[in-house]
Amino acid sequence: MPDINIKLPDGGEKRAPEGATVLDVATAIGPRLAQAALAGRIDGELVDVDTVVTDGATVEVITDRAPEALHILRHSAAHVMAEAIKTLYPEANFGVGPAIEDGFYYDFCIDKSLVPEDLAAIEERMEQIIAEERHFERGELTKLEAWDVFEGDPFKQELIDEIPEGETISIYSEGAFTDLCRGPHIPHTGHIGAFKLMKLAGAYWRGDSTRPMLQRIYGTAWFTQKELDAYLERLDQAEKRDHRKLGKELDLFSLHEEAGAGLPIYHPKGARVLRIIEEWLREELYRRGYEEVITPHIYKADVWKTSGHWDNYREHMYFFQVDEGEGKVNDYGIKPMNCPGHIMVFQNDVRSYRDLPMRLFEFGTVYRHELSGVVHGLMRARGFTQDDAHIFCTPEQVHAEVVAMLDLVEYVNGVFGFEYTAEVSTKPEKSMGSEEMWDLATKSLMGALDARDMPYEINEGEGAFYGPKIDINLRDAIGRTWQTATIQVDFNLPERFDITYRTAENTEARPFTLHRTILGSMERFLGILIEHYAGAFPVWLAPVQTVIIPIADRHLEHAESVRERLEAAGARVEVYAQNEPMRVKIAKAQEQKVPYMLVLGDKEAEADVVAVRERTEGDIGQMSLEEFLGKLAE
RNA sequence: GCCGACGUAGCUCAGCUGGUAGAGCAACGCACUCGUAAUGCGUAGGUCAGGGGUUCGAGUCCCCUCGUCGGCUCCA
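Each number in the numbering used here corresponds to the 1-based position in the first sequence with 913 added.
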């Protein structure tokens, strides 16, 4: 039998008999590798281990160390789950079942509505399938054959329908379950070392709310039990950071059924943090050439008719009628966006190119009637405050303005220690504005990112109908991402409100309008910060920076005087005056995640010093008030 | 909005197949006056989310509404 040549990823070459598979190649390299082989890669394409290699190809053996390995494993786990469901519910029809971050899911349709207890039976069945070390058998079919195999399966038939004519269709079977699938899969089900079904949910077929809703089970799968345990532990940790839980424990805000969904109420401590951030950002914006405006929370409906919200966004707005007397009734709408007010500021005078760029900002509280299913703590509320700004400028100025915004993004996120990534969304199918405007605006956005050496992804066609945008995604302390800042070009509102400026040539021109937020929603950003810091705000943000702990009642007076002196210096202080042992007060202050505790007893009163306890380091000794204030300011 | 789960004292939670509500913490009172992560005793606190129904009897079963949670969808 003639031999063939294959290349290995390390640059080496190997000879193999014709008809050799990836597994044969692995075996030739070493028996341990053969045992660890989960899949292969031939010329960059992931394949099963029993795929025949071709002459001259580069062959790589994928083991559990490869970054793709978990993905393959989870995809196979999804199939195992589907088989388990199929055996328990033979009438099941399946949608799609991909691997996702940390796990997998499968969508399916069965007669009964599953309850969480049903998951145990499915898990049990999966255990059996895994114990049997079932092999995944690949088959290749023509479109016509595939139609037959999935006879009576509407979802799979729809998927087959969309596969281009002439393309080979691959299917995988393990036991009783056959699925339309591109592959590859792990050699046998026994490689799934640990898995757990996590949650039950509903999901529209193909993500389309006009189509049937399927049942979805989410699961996670790992090579070892240890990895699964570590993952569950990670989820536990994330849960401890949940801003809704910490918001309650730290007395930052509350939600009230009687107030309405998505309408958080901020307590003194939560309000304090919000105002600290706001005042800090305001000063920074002044330094960067922004001017603050204040605009109404409500406008007559006419404004929203002009802006287009009345026609296109009404179901998301709060409108109400007011009887103005003598039978005259007016419609008013609560603002879901700050744009109209800012445009009216611009419009209030004849504007010249010399006035541009005009940068107007506002901490504008807006209300949006979000769908009931999406409200979520502070992260998705119906009332929230945007650190909103609109920049009116000439086409030539767009680039520099976006660069300046990106600089602000970098500065602001640096202060909180967030890393971030950017994405640009381009012209969608349905859009307004000329090709040239879109082109100029999109190039300005990308050019600004390039100018600041910021890498970005492009979401083709994902822009709003009225202009392209840049979105910024933060990465928090435990690696989750949050979309916050957005820089958005708007071709729509300048048109609708017909705003213009005088050019140097004394002609009339329409200004470019940029919307932008840096934090997004102040309250949502607070939620992100709570989770990022796990509730332990840095000193400059902490609503209470230091707690004073008098040891006994006789130290109360001294404690009060220390409080007054610290507050006079601008510190945020609380005295724990309740009649409790010192260690109880310390425990409470620790629980409240207060950065510093000042223990005051006889010794401190006498020497007029404070005994400082740092939240994470513990007792750091005595110092004078001045020294301590210096520490607070660090 | 859609699918599913859940809603018991201020907080965290217990309450089996229907028989008229319980703990810990917090609060309040008394005692203790304390040196770096929770002192003892006592008191009070609930139309079991709201409304309707089934039943001799409902926190427990059914329906509706509100809210919360997990997803999906939406996001001018």
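Just so it is clear, CB atoms sit at the ideal spot from N, CA and C, and this is done for glycine as well.
Here's the rule: buried if 16 or more other CB atoms are within 10 angstroms of the residue's CB, otherwise exposed. What is residue 1391? Exposed, since its Cβ has fewer than 16 Cβ neighbours within 10 Å.
By DSSP's criteria, residue 1167 is part of a beta bridge. Which residues make up the other side? Beta-bridge pairing links residue 1167 to 1178.
Would you report the Cα separation of residue 1147 and residue 1209, rounded to the nearest angstrom? Distance between the alpha carbons of residue 1147 and residue 1209 is about 44 Å.
Cβ distance (whole Å) where residue 934 is taken to contact residue 965 below 8 Å: Between the beta-carbon of residue 934 and that of residue 965 there is about 6 Å, and that keeps the pair under the 8 Å contact cut.
Assuming contact is defined by CB atoms lying nearer than 8 Å, are residue 1108 and residue 990 in contact in what I supplied? Taking 8 Å as the Cβ cut-off, residue 1108 and residue 990 qualify as a contacting pair.
Compare the Cα-Cα distances from residue 1047 to each of 1202, 1099, 1008, 1030 and report the closest residue. With distances taken between Cα atoms, residue 1047 lies closest to 1099.
Spatial neighbours of residue 1594 within its chain, please: C-beta separation below 8 Å, excluding the five flanking residues on both sides. Shown here, the chain extends from 914 to 1547; a query on residue 1594 therefore has no answer.
First and last residue of the uninterrupted beta strand (DSSP E) at residue 1301: Counting along the chain, the beta strand (DSSP E) containing residue 1301 begins and ends at 1296-1306.
For residue 886, the three-state DSSP class (helix, strand or coil): In the structure as shown, the chain starts at 914 and stops at 1547, and residue 886 therefore has no counterpart that could be examined.
Under three-state DSSP, which class holds residue 1000? Residue 1000 sits in a helix when the DSSP states are folded into three classes.
For residue 1214, which beta-bridge partners are listed by DSSP? Residue pairing from DSSP leaves residue 1214 without any beta-bridge partner.
Three-state secondary structure assigned by DSSP to residue 1172: Here residue 1172 sits in coil by DSSP.
Please classify residue 1271 as buried or exposed, where buried requires at least 16 neighbouring CB atoms within 10 angstroms. When all chains shown are included, residue 1271 counts as buried.
Which first and last residues belong to the beta strand (DSSP E) in which residue 1086 is found? Counting along the chain, the beta strand (DSSP E) containing residue 1086 begins and ends at 1082-1087.
C-alpha gap between residue 1164 and residue 1501, whole angstroms: In this model, residue 1164 and residue 1501 are separated by some 13 Å (Cα to Cα).
Could you spell out where the beta strand (DSSP E) holding residue 1223 opens and where it closes? Per DSSP, residue 1223 is not a residue of any beta strand (DSSP E); the alpha helix (DSSP H) it occupies stretches across 1222-1225.
Can you give me the Cβ contacts of residue 1050 inside the same chain, cut-off strictly under 8 Å, excluding the 5 residues immediately before and after it? Excluding residues within five positions, the ones whose Cβ falls inside 8 Å are 1085, 1086, 1087.
Bounding residues of the alpha helix (DSSP H) (the contiguous stretch that carries residue 940): Counting along the chain, the alpha helix (DSSP H) containing residue 940 begins and ends at 935-942.
Compare the beta carbon distance of residue 1127 and residue 1224 with 8 Å and say whether it is the shorter of the two. It is not a contact, given that the beta carbons lie outside the stated cut-off.
What separation, rounded to the nearest whole angstrom, lies between the Cα atoms of residue 1346 and residue 1426? Taking the straight line joining both Cα atoms gives about 13 Å.
Between 1186, 1235, 1282, 1247, which has its C-alpha nearest residue 1228's C-alpha? Per the C-alpha coordinates, the member of 1186, 1235, 1282, 1247 positioned closest to residue 1228 is 1282.
Start and end of the beta strand (DSSP E) containing residue 1385? In the DSSP assignment, residue 1385 falls within the beta strand (DSSP E) that extends over 1382-1388.
What did DSSP end up calling residue 1510 once you bin it into helix, strand or coil? In the structure shown, residue 1510 sits in a strand (DSSP, three-state: E or B).
Assumed close pair residue 1260, residue 1410 - CB separation to whole angstroms, cut-off 8 Å: With 8 Å as the limit, residue 1260 and residue 1410 qualify as a contact, their Cβ atoms being about 7 Å apart.
Cβ atoms of residue 1398 and residue 1385: under 8 Å apart, would you say? Taking 8 Å as the Cβ cut-off, residue 1385 and residue 1398 qualify as a contacting pair.
Would you list, in sequence order, the uninterrupted beta strand (DSSP E) runs of no fewer than 3 residues that lie entirely inside the region 1217-1283? Runs of the beta strand (DSSP E) inside the region 1217-1283: 1232-1236, 1242-1247, 1271-1280.
Which residues mark the beginning and the end of the beta strand (DSSP E) in which residue 1367 is found? Where residue 1367 is concerned, there is no enclosing beta strand (DSSP E), given that its DSSP letter is neither H nor E.
My output table needs one value for residue 1351: the three-state DSSP class, helix, strand or coil. The DSSP-derived three-state label of residue 1351 is helix.
Taking just the CA atoms, how far does residue 1449 sit from residue 1442? In this structure, the straight-line span from the alpha carbon of residue 1442 to that of residue 1449 is close to 9 Å.
Since residue 1201 and residue 1317 should fall inside the 8 Å C-beta cutoff, what is the C-beta to C-beta distance between them, to a whole number of angstroms? Residue 1201 to residue 1317, Cβ: 7 Å. Contact.
Does the distance from the C-beta atom of residue 1008 to that of residue 1131 stay below 8 Å? With contacts defined as CB atoms closer than 8 Å, residue 1008 and residue 1131 fail to qualify as a contacting pair.
Taking only the alpha-carbon atoms, compute the straight-line gap between residue 997 and residue 1302 and give it to the nearest angstrom. Residue 997 and residue 1302 have their C-alpha atoms some 54 Å from each other.
Within its chain, find whatever has a CB closer than 7 Å to the CB of residue 1416; leave out the 5 residues flanking it on each side and keep chain order. Taken in chain order, the residues that qualify are 1266, 1422.
Quick one: using the 10 Å Cβ neighbour count with 16 as the cut-off for buried, is residue 1531 buried or exposed? A residue is called buried when at least 16 other Cβ atoms come within 10 angstroms of its Cβ; residue 1531 does not meet this threshold and is exposed.
Please give the ranges of any beta strand (DSSP E) in the region 936-983, keeping only runs that are unbroken, at least 3 residues long and fully inside the region. As summarised for the region 936-983, the continuous beta strand (DSSP E) elements at least 3 residues long and confined to that stretch are 952-955, 958-960, 972-975, given in chain order.
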